[in-house]
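Enquirer: Would you mind keeping the following structure in view while I ask a few things?
2 protein chains.
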Amino acid sequence: MWLPDEALRPLGSRRVLVAVGPDDGPVAQTVVDEVAAATSRFGGVLVTGPVTPEDALACDVVLAIVGSAGQVGTASATQPPPAGYLPRTDSYVPAVQAVVDGLLVLGRGAPMSPGMFGLARHDGRTVVVAGDAAGLLYGLHELVRRGAPALTCPDDVVWDLPVHQVRMLDHWDNTVVHPVMGQVERGYAGGSIFWSDGRVRDDLTRVAQYARLLGSVGINAVGLNNVNVHAAEARLLTDHLDDVARLADVFRPHGIRVYLSVSFASPLTVGGLPTADPLDPGVQDWWASAVRRVYETVPDFGGFVVKADSEGQPGPFAYGRDHADGANLLARALAPFSGTVFWRAFVYDHHQDWRDRSTDRARAAHDHFTPLDGRFDDNVVLQVKYGPMDFQTREPVSPVIAAMPRTRLAVELQVTQEYTGQQQHAVYLGPQWDEILRFPLAEDGRTVGYLAAGLPVGTVHRGDDPVPPAGGLVAVSSVGDDEFWTGHPLAQANLYAFARLAWGEEDPDAVLDEWIGLTLGDDPAVRATVHAVLDDSWRTYERYTAPLGVGFMVRPGHHYGPDVDGYEYTPWGTYHFADRDGIGVDRTRATGTGFTGQYAAPWRDVYESVETCPDELLLFFHHVPYTHVLHSGTTVIQHLYDTHADGYDEVVRMASAWSSIEGRVPQAFFDRVTQRLAEQERSAREWRDQLRSAFFRRSGIADATGRTIY
Amino acid sequence: MWLPDEALRPLGSRRVLVAVGPDDGPVAQTVVDEVAAATSRFGGVLVTGPVTPEDALACDVVLAIVGSAGQVGTASATQPPPAGYLPRTDSYVPAVQAVVDGLLVLGRGAPMSPGMFGLARHDGRTVVVAGDAAGLLYGLHELVRRGAPALTCPDDVVWDLPVHQVRMLDHWDNTVVHPVMGQVERGYAGGSIFWSDGRVRDDLTRVAQYARLLGSVGINAVGLNNVNVHAAEARLLTDHLDDVARLADVFRPHGIRVYLSVSFASPLTVGGLPTADPLDPGVQDWWASAVRRVYETVPDFGGFVVKADSEGQPGPFAYGRDHADGANLLARALAPFSGTVFWRAFVYDHHQDWRDRSTDRARAAHDHFTPLDGRFDDNVVLQVKYGPMDFQTREPVSPVIAAMPRTRLAVELQVTQEYTGQQQHAVYLGPQWDEILRFPLAEDGRTVGYLAAGLPVGTVHRGDDPVPPAGGLVAVSSVGDDEFWTGHPLAQANLYAFARLAWGEEDPDAVLDEWIGLTLGDDPAVRATVHAVLDDSWRTYERYTAPLGVGFMVRPGHHYGPDVDGYEYTPWGTYHFADRDGIGVDRTRATGTGFTGQYAAPWRDVYESVETCPDELLLFFHHVPYTHVLHSGTTVIQHLYDTHADGYDEVVRMASAWSSIEGRVPQAFFDRVTQRLAEQERSAREWRDQLRSAFFRRSGIADATGRTIY
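Quick mapping for you: the protein sequence lines, in order, are chains L and C.
If you read the first sequence in UniProt numbering, its first letter stands for residue 1, the second for the next number, and so on.
If you read the second sequence in UniProt numbering, its first letter stands for residue 1, the second for the next number, and so on.
Right, here's the structure in full:
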């Protein structure tokens, strides 16, 4: 993964002052430890604790937590300095203070919000200041990412702060191996790094490494278990709190709070109550007392993640209550401890009758949740999948995200590549997420990224505005006990990119570039090749799998590989209605399911009309003949033939490009990627040939280019 | 299951002489025990061991093992009688001997071959004689099946003997739960009754019940483990022989020998040798010594069942050897102990490229094995699936069965309902098996049943001919630890029918009638209703699932429920090539894969021509337009529409019929069948609607009857 020892060489070879003390807590101590390890490895010097002015002034780098007004230290006659802060009387202070003051001027006097940091070059010295330990950690890693230039360049200054208050990874890890889903549901990188045989692992070394990696890119929340909560996992909330505490201890030093997925039926199944009705006082008491015990064990516990009334998970519907009742039940138990409920909006009828053309799964979240807008407590975050269906390669963004102005929202992405190649295919998802986050969903032009961050209309992205209390960006993690963490080594880039986009970075290519450098070093050939493999890989994957917004043409159950009608006659609400004449789902208001009506202007009209609907979503919104001519000028069927053939050819080129850098990256890394690219080539060929054959058999229309159809 | 206590009332209420002794072995003892239990329950008397002539003459029923010439007892001045036999000097002997002599005359002096028995009414007494203990057991149960009439009717006589020397059930039981296939591969009735957690169960009570049931219908061989031999099962041959011995001890008293499925790679994987090459002397020694140890532990061990070079199982191909080399390797190790190898002919390429239209899985067994005819040792039985594919609802019979005159053959059927409703659907398979067994496959008109029994051309089915050394009928068992043994209680009838057809019964309706009486008693309403549900159920299932010989339109993996293209683009060789114009596989010599050429006359020509090919196999052998007119006068597409609608309607009628007998059968039995019929109705509706929709979407041709297509 990223952050090999070598990445800390520039910092580690210098004299570094970390101006924190024992009272600054474990995250500050992590900054000290990182610098200590780096300087000890690369010949530099760590200066910390009580220091003389001369020592301080001799430092090349200063990392300091500053006061609320930006002052270095707060000592006065009446107020002693916080432990570890440089005392104001120190002769070194004015120099640092001048830098800090300069930063503050450039930062327009912003108070130091959580996680915020400033990074400056001044007078030949590099200074990182932050208002809290997490900010200092993030500043440290920004320094690491920037490498030697940040320690040598002329004067420069940057302020940075996270756009999303919560930057969360949900692990769909089962504590025991599930007979169908395995240990990690939709996991493609081995077993869980947390759990083994129902309990937390004895050896948490890898968890500590993982926590360090996540902390380095600003992740600050981790869900420890699958949102599908089975009997074994339900006991984490009660009998196995010590397991949760052990993991919390490992994540805490990296600024990460842990969350549990809980079953809404816990009062029944674990508590022995006769009901789990959210309006029942006994149930409320049960949750209050369960939560109290959690906080006694894990004082900085984050809260709950809940999948309720969804795909068989229990929920408030069983008691005639709605999802606001359900979410608020848990929220009120968590409120005294500042805990948060992440309540998933992924609620739909998974026993749909495929014969019923009037029901549209795409409508479900909006139908269920928008009537509840304003009814959720302040510590409820509604967690909405980015699209109305389920993590497809291409979906429109969910209209729910712009439809609940009085509700805190988090947008959920999927780092684990369920429908996007299962970490067998090299698919860099940064561009997909970037498109989603910058999509101007709201009527006033606000983008999904801003909406999820909860920023008010027209807010400038960074800078002096307060970080809003709402929002967050959440993703399902892709990590397992595989030696490369993510199965496909290049899939590490997705984990990295999610964190960086959740922080607020806006350029997925630049983020990928960061990841390459931090992981594989500075070899320009390697950099160029990894870009060649990954830059367009999501669109390449889309070409050979998901034509024009059609999803779910995958093998049922495991979701890998092509199966045109695999989900066509199922209860899952996932149809394309391809017949001998045409394909696609009519979701218009005029003649279809009316889903377009859930969007604000202009999208309700853009999507409604075949004339204005973007090609890439045409079949998501419309059923058209195979001979329909796209904006691109080609017909639907020829587009399908072309993209599947071209997509495969592109995979061949990706594999060929990769083969050119053997010897320039670690051999095991090279070999694993090579093996996965071979599988991707095999699989892409299946996708190409099966879809081309299946649609030729249906349509009877030949490929105008004359390429072979089997 | 069949054989409740009540079934033995007629016998148990009488005075019964069992003329066997301790030296006649455990099967004879089972006859004694059965009579003892019955008489003790129903007020009769068991007479056995040393008896006075008066005692003997007072008996209503006599069961006796007779000598090779039919004499009762063998005592002479120079030769003492075998223990337990009635001594010749006994005044009772002449009366019994007269009956026996009469039987022998009627039986044209046939020597008493294994399992043979005679049953007669004579002078107000009922006599069963057999040449061996197994025959006596079978005669006893024939008496039980016939019930009171056989004990009261005027003089009557019947000789019976099994058509097939080996009547075998293969259990596809894993000793440990397989992560994908579960404990019983293709099992639909719970876990294994043999195995638990890798070892034989402590409590073998249910195994003893099962053995008794199988013995009562003449099953004489049981394979104890899955033909897919995993690591745990491979050790049955070595480390866990004591487990095999415990099961053998339970089966032995019922005339049943046990067999093990073994891995061809055992010398490598278990033996630690560097090769499993069948021509390697070290490998030969390893097998010889492994087999010797088996027989030291289980002296009447039956032999091996082997799936080699098939679906990933190891085999002789890895060493450049053929299947005769492979089978003979094991046969030669078993020969000194009279053991037998059942070597499966289920060998095909399961990594086929669906793009390749020249390869035809249906050809595979014939292509692989017929060149080896004559090369197999005498104690090798080639086990051939009844059809060229894999246990589909409708296939032509396998041409291999008539193509290897110098090889002992067993025909393999499937009692477990893998592709035929998985014991969720009521499907009585007797009529399918009957069609298969009586199919005149050979050029000289011999039927599959005779061929598998190895009888020479023109042999009369029963009577005075010697039972041939070759052949056998084998089936995959359907039994698990479910309370009704087979999941669907009515599926018990299939287990029963297989055994009775393997014995030589020829009328599946009569066999079903036997099963109903033995299981549910004599209520005429029950009898009529079960017939109404089951008699035509196989053809009903065919109607709503498998049109005109098309198979494999099932969900991949578990094989339950419809999926038109589920196996269309897979490596499994299972295609129908349905497009917008037509459907079916061209297997002709003229324009297709040439599979028709594997048949002897007349079938090579009957199947070759669309004009003569039977409707029910049309799409197995030919690709035709949807508008092709069948012999029945309807088009292919209208046939598909009609049969799917009619099949569903028939299921509704079945469920309705069943509901009429509540209160007349045990309630738990009634409830379980009711629940399964509801599932069958749901599933049949899916089959109906999905296939009608899918083929309407493809063909664009409306249902002429105007019924709804969704």
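For every residue, glycine included, the Cβ atom is placed at its ideal position computed from N, Cα and C.
Counting C-beta neighbours from all protein chains within 10 Å, is the total for histidine 366(C) 16 or more, i.e. buried, or is it exposed?
Expert: buried
Enquirer: What's the gap between the Cα of tyrosine 710(C) and the Cα of tyrosine 569(L)?
Expert: For tyrosine 710(C) and tyrosine 569(L), the distance between alpha carbons rounds to 11 Å.
Enquirer: Using a beta-carbon distance below 7 Å, is tyrosine 428(L) in contact with chain C?
Expert: no
Enquirer: Taking C-beta to C-beta, are leucine 409(L) and valine 427(L) nearer than 7 Å?
Expert: no
Enquirer: Check the Cβ-Cβ distances between aspartate 579(C) and every residue of chain L, and say whether any is below 7 Å.
Expert: yes
Enquirer: Look at the Cβ atom of histidine 644(L), then the Cβ atom of leucine 677(L), and state whether they are nearer than 7 Å.
Expert: Against a cut-off of 7 Å, the Cβ pair of leucine 677(L) and histidine 644(L) comes out as no contact.
Enquirer: Kindly list the residues whose CB is nearer than 6 Å to the CB of glutamine 313(L), restricted to its own chain and excluding five residues on each side of it in sequence; keep chain order.
Expert: Taken in chain order, the residues that qualify are Lys307.
Enquirer: Starting from the beta carbon of glycine 187(C), find every residue of chain L whose beta carbon is closer than 9 Å, and list them in chain order.
Expert: Chain L residues near glycine 187(C): none, gap ~15 Å exceeds 9 Å.
Enquirer: I want to see whether chain C comes within less than 7 Å of glycine 700(L), judged by CB atoms only; does it?
Expert: yes
Enquirer: With contact counted as at least three CB pairs below 8 Å, one residue from each stretch, are the segment 360-376 of chain C and the segment 393-401 of chain C in contact?
Expert: yes
Enquirer: When Cβ atoms are compared, which residues of the segment 671-703 of chain L fall closer than 9 Å to chain C?
Expert: Glu686, Asp689, Gln690, Ser693, Ala694, Phe696, Arg697, Arg698, Ser699, Gly700
Enquirer: Would you list, in sequence order, the uninterrupted beta strand (DSSP E) runs of no fewer than 3 residues that lie entirely inside the segment 464-535 of chain L?
Expert: 472-476
Enquirer: Would aspartate 565(C) pass as an interface residue toward chain L - the criterion being a Cβ-Cβ separation below 7 Å?
Expert: Taking Cβ atoms only, chain L reaches closer than 7 Å to aspartate 565(C), which makes this a yes.
Enquirer: Given a cut-off of 7 Å on the beta-carbon distance, is the pair alanine 231(C) and valine 129(C) in contact?
Expert: no
Enquirer: I'd like to check one pair, valine 665(L) with leucine 495(L): are the Cβ atoms closer than 7 Å?
Expert: Not a contact, by the Cβ cut-off of 7 Å.
Enquirer: Quick one: what's got a C-beta closer than 7 Å to glutamate 686(L)'s C-beta in the same chain, skipping five residues either side?
Expert: Gly561, Pro562
Enquirer: Looking at chain C, which residues of the segment 347-363 of chain L have a Cβ within less than 7 Å of any of its Cβ atoms?
Expert: Arg355
Enquirer: Who are the neighbours of tyrosine 419(C) on chain L, taking C-beta pairs under 9 Å?
Expert: The premise fails here: tyrosine 419(C) is roughly 18 Å from chain L at the closest Cβ pair, so nothing lies under 9 Å.
Enquirer: For histidine 631(C), count the other beta carbons within 10 Å of its own beta carbon; 16 or more makes it buried, fewer makes it exposed. Which is it?
Expert: Exposed.
Enquirer: Am I right that valine 415(L) and alanine 475(L) are in contact with their C-beta atoms under 8 Å? What's the rounded C-beta distance?
Expert: 5 Å
Enquirer: Using a Cβ-Cβ distance under 7 Å, would tyrosine 544(C) count as near chain L?
Expert: no
Enquirer: Does the segment 202-212 of chain L come within contact of the segment 131-141 of chain L, defined as at least 3 CB pairs closer than 8 Å?
Expert: Not touching, per the Cβ criterion.
Enquirer: If you measure from the beta carbon of tyrosine 569(L) to each beta carbon in chain C, is any gap under 7 Å?
Expert: For tyrosine 569(L), the closest Cβ of chain C is nearer than 7 Å.
Enquirer: Does DSSP put serine 113(L) in a helix, a strand or coil?
Expert: coil
Enquirer: In chain L, which residues lie with their C-beta within 8 Å of the C-beta of tyrosine 575(C)?
Expert: Within 8 Å Cβ-Cβ: nothing; tyrosine 575(C) doesn't reach chain L, min ~11 Å.
Enquirer: For glycine 471(L), count the other beta carbons within 10 Å of its own beta carbon; 16 or more makes it buried, fewer makes it exposed. Which is it?
Expert: buried
Enquirer: Buried or exposed for valine 629(C), please, with buried defined as at least 16 other CB atoms from any protein chain shown within 10 angstroms of its CB.
Expert: exposed
Enquirer: Assign threonine 627(L) to buried or exposed, taking buried as 16 or more other Cβ atoms, counted over all protein chains shown, within 10 Å of its Cβ.
Expert: exposed
Enquirer: Indicate the three-state DSSP secondary structure (helix, strand or coil) for valine 199(L) in the structure shown.
Expert: Valine is not the amino acid found at residue 199(L); the sequence shown has arginine there. It is a strand residue.
Enquirer: Counting only beta-carbon atoms, is tyrosine 648(C) nearer than 7 Å to chain L?
Expert: Judged by the 7 Å Cβ criterion, tyrosine 648(C) is not in contact with chain L.
Enquirer: What are the start and end residues of the beta strand (DSSP E) that includes threonine 340(C)?
Expert: 340-344
Enquirer: So who's on the other strand from alanine 120(L), going by DSSP bridges?
Expert: Val127(L), Val157(L)
Enquirer: Please list the terminal residues of the continuous alpha helix (DSSP H) segment that includes aspartate 671(C).
Expert: 667-699
Enquirer: Who are the neighbours of tyrosine 710(C) on chain L, taking C-beta pairs under 8 Å?
Expert: Here the neighbours are Trp354, Arg355.
Enquirer: Taking the CB atoms as reference points, tell me whether glutamate 483(L) and arginine 186(L) lie closer together than 7 Å.
Expert: no
Enquirer: Between the Cα of aspartate 356(L) and the Cα atoms of Val585(L), Leu273(L), Pro316(L), which residue gives the shortest distance?
Expert: Val585(L)
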